[in-house]
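The structure appears below as C-alpha coordinates.
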Amino acid sequence: MPLKDFFENHGLSVEVACSGEDGLLLFAKEKPDIVLLDVILPNMDGFSVISEIRVKNSHVPIIMMTGTEFGEENQIRGYQLGTINYMKKPVIPYAILSLIQNLLLIPSDVRKFNIGTNAITIQGQLVTIGDLSYDVREKDSKVLLFLLERIGQIVNRSIILNHIWYDDHPDKNNLLDSSILRLRKLVKEIPGMKIKSIYGFGYMITTENVT
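Under our numbering, the first residue of the sequence shown carries the number 128, and numbering increases by one thereafter.
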(Lines of atoms letter the chains of each structure in order from A and count residues from 1; the text may use other names and numbers.)
(Lines give C-alpha, C1' and ligand atoms only; values in the text may rest on other atoms or scores of the structure.)
Protein backbone atom coordinates (compact mmCIF):
# COMPACT_ATOMS: atom_id res chain seq x y z
CA MET A 1 0.00 0.00 0.00
CA PRO A 2 1.41 3.44 -0.91
CA LEU A 3 2.34 5.59 2.10
CA LYS A 4 -0.23 8.20 1.03
CA ASP A 5 -3.08 5.67 1.24
CA PHE A 6 -1.70 4.22 4.48
CA PHE A 7 -1.53 7.64 6.15
CA GLU A 8 -4.98 8.64 4.92
CA ASN A 9 -6.43 5.41 6.30
CA HIS A 10 -5.06 6.49 9.68
CA GLY A 11 -6.66 9.91 9.63
CA LEU A 12 -4.00 12.07 8.02
CA SER A 13 -4.65 14.50 5.17
CA VAL A 14 -1.89 14.05 2.59
CA GLU A 15 -0.73 16.03 -0.45
CA VAL A 16 1.97 14.65 -2.76
CA ALA A 17 4.49 16.40 -5.01
CA CYS A 18 6.72 14.48 -7.42
CA SER A 19 9.56 16.98 -7.75
CA GLY A 20 11.39 19.46 -5.57
CA GLU A 21 9.96 22.47 -7.41
CA ASP A 22 6.41 21.15 -7.14
CA GLY A 23 7.02 20.41 -3.47
CA LEU A 24 7.97 24.01 -2.75
CA LEU A 25 4.90 25.30 -4.60
CA LEU A 26 2.70 22.87 -2.68
CA PHE A 27 4.34 23.86 0.60
CA ALA A 28 3.62 27.54 -0.04
CA LYS A 29 0.02 26.80 -1.00
CA GLU A 30 -0.98 24.22 1.64
CA LYS A 31 1.20 25.29 4.60
CA PRO A 32 1.45 21.71 5.94
CA ASP A 33 1.91 20.74 9.57
CA ILE A 34 4.71 18.32 8.67
CA VAL A 35 6.85 17.50 5.62
CA LEU A 36 8.00 14.03 4.56
CA LEU A 37 10.83 14.62 2.09
CA ASP A 38 12.71 12.24 -0.20
CA VAL A 39 16.37 13.06 -0.76
CA ILE A 40 16.39 11.88 -4.38
CA LEU A 41 14.04 14.09 -6.42
CA PRO A 42 14.01 15.21 -10.07
CA ASN A 43 15.95 18.43 -10.84
CA MET A 44 16.13 19.61 -7.22
CA ASP A 45 17.21 17.25 -4.44
CA GLY A 46 15.78 17.07 -0.95
CA PHE A 47 18.69 18.99 0.58
CA SER A 48 17.96 21.96 -1.68
CA VAL A 49 14.26 21.72 -0.87
CA ILE A 50 14.80 21.74 2.89
CA SER A 51 17.18 24.71 2.54
CA GLU A 52 14.47 26.66 0.70
CA ILE A 53 11.82 25.69 3.24
CA ARG A 54 13.97 26.75 6.18
CA VAL A 55 14.43 30.22 4.67
CA LYS A 56 10.66 30.71 4.85
CA ASN A 57 9.69 28.49 7.79
CA SER A 58 12.01 27.51 10.62
CA HIS A 59 9.47 25.54 12.64
CA VAL A 60 7.64 22.97 10.48
CA PRO A 61 8.89 19.42 11.27
CA ILE A 62 10.66 17.81 8.30
CA ILE A 63 11.45 14.10 8.02
CA MET A 64 13.90 13.07 5.29
CA MET A 65 13.97 9.64 3.64
CA THR A 66 16.48 8.04 1.28
CA GLY A 67 17.20 4.70 -0.28
CA THR A 68 20.81 5.36 -1.29
CA GLU A 69 22.11 8.59 0.25
CA PHE A 70 22.36 7.27 3.82
CA GLY A 71 26.03 7.89 4.50
CA GLU A 72 27.23 9.65 7.63
CA GLU A 73 27.98 12.89 5.78
CA ASN A 74 24.49 13.05 4.27
CA GLN A 75 22.86 12.34 7.63
CA ILE A 76 24.86 15.15 9.24
CA ARG A 77 24.03 17.45 6.34
CA GLY A 78 20.33 16.70 6.71
CA TYR A 79 20.35 17.42 10.44
CA GLN A 80 22.36 20.61 9.94
CA LEU A 81 19.78 21.82 7.42
CA GLY A 82 17.00 21.18 9.90
CA THR A 83 15.50 17.72 9.46
CA ILE A 84 14.27 16.13 12.69
CA ASN A 85 14.82 12.59 11.42
CA TYR A 86 16.77 11.00 8.58
CA MET A 87 15.31 7.61 7.66
CA LYS A 88 16.51 4.85 5.36
CA LYS A 89 14.06 3.32 2.90
CA PRO A 90 12.19 1.06 2.85
CA VAL A 91 10.59 2.64 5.89
CA ILE A 92 8.28 0.75 8.25
CA PRO A 93 4.86 2.40 7.74
CA TYR A 94 3.71 2.06 11.35
CA ALA A 95 7.04 3.36 12.65
CA ILE A 96 6.90 6.53 10.57
CA LEU A 97 3.18 6.91 11.37
CA SER A 98 3.97 6.78 15.09
CA LEU A 99 6.66 9.43 14.64
CA ILE A 100 4.26 11.70 12.75
CA GLN A 101 1.50 11.17 15.32
CA ASN A 102 3.88 12.09 18.13
CA LEU A 103 4.88 15.24 16.28
CA LEU A 104 1.32 16.23 15.52
CA LEU A 105 -0.18 14.88 18.75
CA ILE A 106 -2.86 13.05 16.77
CA PRO A 107 -4.64 10.24 18.66
CA SER A 108 -3.42 6.90 17.31
CA ASP A 109 -6.94 5.43 17.17
CA VAL A 110 -8.11 7.66 14.31
CA ARG A 111 -8.91 5.66 11.16
CA LYS A 112 -10.03 7.21 7.91
CA PHE A 113 -11.46 5.50 4.84
CA ASN A 114 -12.09 7.18 1.50
CA ILE A 115 -15.22 5.82 -0.18
CA GLY A 116 -15.46 7.41 -3.62
CA THR A 117 -15.59 11.14 -2.96
CA ASN A 118 -16.77 10.52 0.60
CA ALA A 119 -14.81 9.89 3.78
CA ILE A 120 -15.55 7.87 6.90
CA THR A 121 -13.46 8.58 9.99
CA ILE A 122 -13.61 6.41 13.09
CA GLN A 123 -12.15 7.47 16.42
CA GLY A 124 -13.34 5.34 19.29
CA GLN A 125 -17.13 5.55 19.32
CA LEU A 126 -17.21 8.68 17.16
CA VAL A 127 -17.98 7.97 13.50
CA THR A 128 -17.79 10.89 11.07
CA ILE A 129 -19.27 10.61 7.59
CA GLY A 130 -18.58 13.71 5.55
CA ASP A 131 -19.53 16.64 7.78
CA LEU A 132 -21.81 14.61 10.07
CA SER A 133 -20.63 12.94 13.28
CA TYR A 134 -22.36 10.14 15.16
CA ASP A 135 -21.74 8.79 18.65
CA VAL A 136 -22.26 5.06 18.19
CA ARG A 137 -22.05 2.05 20.47
CA GLU A 138 -18.60 0.65 21.12
CA LYS A 139 -19.31 -2.70 19.44
CA ASP A 140 -20.94 -1.00 16.44
CA SER A 141 -17.79 1.05 15.93
CA LYS A 142 -15.61 -2.07 16.11
CA VAL A 143 -17.82 -4.03 13.70
CA LEU A 144 -17.81 -1.14 11.21
CA LEU A 145 -14.03 -0.77 11.44
CA PHE A 146 -13.55 -4.53 10.99
CA LEU A 147 -15.69 -4.52 7.83
CA LEU A 148 -14.17 -1.31 6.42
CA GLU A 149 -10.70 -2.82 6.71
CA ARG A 150 -11.97 -5.58 4.41
CA ILE A 151 -14.06 -3.66 1.86
CA GLY A 152 -15.15 -5.92 -0.99
CA GLN A 153 -14.34 -9.09 0.97
CA ILE A 154 -16.80 -11.54 2.47
CA VAL A 155 -16.15 -11.56 6.22
CA ASN A 156 -17.22 -14.72 7.97
CA ARG A 157 -19.80 -14.16 10.67
CA SER A 158 -17.98 -16.34 13.19
CA ILE A 159 -14.77 -14.37 12.65
CA ILE A 160 -16.60 -11.12 13.46
CA LEU A 161 -18.15 -12.66 16.56
CA ASN A 162 -14.83 -14.00 17.82
CA HIS A 163 -13.00 -10.74 17.08
CA ILE A 164 -15.55 -8.35 18.60
CA TRP A 165 -17.10 -10.47 21.37
CA TYR A 166 -14.15 -12.25 22.94
CA ASP A 167 -16.22 -14.00 25.59
CA ASP A 168 -18.97 -16.57 25.11
CA HIS A 169 -21.77 -14.05 25.44
CA PRO A 170 -24.99 -16.09 25.26
CA ASP A 171 -26.70 -13.50 23.07
CA LYS A 172 -23.82 -12.40 20.85
CA ASN A 173 -25.50 -13.63 17.64
CA ASN A 174 -28.47 -11.36 18.26
CA LEU A 175 -26.15 -8.54 19.31
CA LEU A 176 -24.33 -8.80 15.97
CA ASP A 177 -27.64 -8.81 14.07
CA SER A 178 -28.71 -5.64 15.86
CA SER A 179 -25.34 -4.02 15.26
CA ILE A 180 -25.53 -4.71 11.52
CA LEU A 181 -29.03 -3.20 11.34
CA ARG A 182 -27.84 0.01 13.01
CA LEU A 183 -24.76 0.21 10.80
CA ARG A 184 -26.82 -0.23 7.64
CA LYS A 185 -28.82 2.84 8.59
CA LEU A 186 -25.59 4.70 9.26
CA VAL A 187 -23.85 3.93 5.96
CA LYS A 188 -26.92 5.08 4.01
CA GLU A 189 -25.34 8.52 4.41
CA ILE A 190 -23.09 7.41 1.53
CA PRO A 191 -25.38 6.60 -1.43
CA GLY A 192 -24.44 3.29 -3.02
CA MET A 193 -22.55 1.93 -0.02
CA LYS A 194 -24.10 -1.21 1.44
CA ILE A 195 -23.49 -3.87 4.05
CA LYS A 196 -24.64 -7.04 2.31
CA SER A 197 -25.54 -10.32 3.98
CA ILE A 198 -23.96 -13.29 2.23
CA TYR A 199 -26.20 -16.20 3.17
CA GLY A 200 -24.37 -18.94 5.03
CA PHE A 201 -21.12 -16.94 5.25
CA GLY A 202 -21.28 -13.46 6.72
CA TYR A 203 -21.19 -9.85 5.55
CA MET A 204 -19.50 -7.68 2.97
CA ILE A 205 -19.28 -3.93 2.40
CA THR A 206 -19.87 -3.08 -1.25
CA THR A 207 -19.15 0.28 -2.85
CA GLU A 208 -19.54 -0.39 -6.58
CA ASN A 209 -22.27 2.24 -6.96
CA VAL A 210 -20.56 4.91 -4.86
CA THR A 211 -19.55 8.11 -6.63
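Note that beta-carbon positions come from the ideal geometry of N, C-alpha and C, so glycine has one too.
All figures in this text were calculated on a predicted structure; none of them were measured in a lab.
Query - Limits of the alpha helix (DSSP H) - the one that D267 falls within - result: 265-275
Report task. Report the partner residues of I190 according to the DSSP bridge assignment. Result -> L163, N212
Query raised in the report: Taking S268 as the reference, which of R309, I278, Q280, S285 has the closest Cα?
Result: R309
Query - Option nearest Y221 by Cα separation, candidates V337, K321, N336, K131 - result: K131
Query - Same chain only: Cβ atoms within 6 Å of I190, ignoring 5 sequence neighbours per side - result: L163, N212
Query - Local Cβ density within 10 Å of Y330, reported as buried at 16 or more and exposed below that - result: buried
Query - CA-to-CA distance, A144 to G251, given in whole angstroms - result: 32 Å
Query raised in the report: Between L302 and R277, what straight-line distance do the alpha-carbon atoms span, to the nearest angstrom?
Result: 21 Å
Query - Rounded C-alpha distance that separates D427 from D304 - result: There is simply no residue 427 to check, as the chain begins at 128 and stops at 338 in what is shown.
Query raised in the report: Does DSSP classify Q202 as helix, strand or coil?
Result: helix
Query - Exposure label - G205; buried when at least 16 CB within 10 Å - result: buried
Requested in this report: Mind checking who M331 pairs with in its DSSP beta bridge?
Outcome: K323
**Report entry** Whole-angstrom distance between G150 and K266, CA atom to CA atom
**Finding:** 42 Å
Query raised in the report: Candidates I325, E316, G138: which alpha carbon is nearest L224's?
Result: G138
**Report entry** C-beta neighbour in chain B for I286, strict 7 Å
**Finding:** Absent from the structure: chain B. Only one protein chain is present.
Query raised in the report: Which residues in the same chain have their Cβ closer than 8 Å to the Cβ of E148, if we skip the five residues on either side of it in sequence?
Result: N170, M171
Query - Limits of the unbroken alpha helix (DSSP H) element including I177 - result: 173-183
Query raised in the report: In this structure, does DSSP put I286 in helix, strand or coil?
Result: helix
Query raised in the report: To which residues of the same chain is G319 closer than 8 Å at the C-beta, ignoring the five residues directly before and after it?
Result: G243, T334, E335, N336, V337, T338
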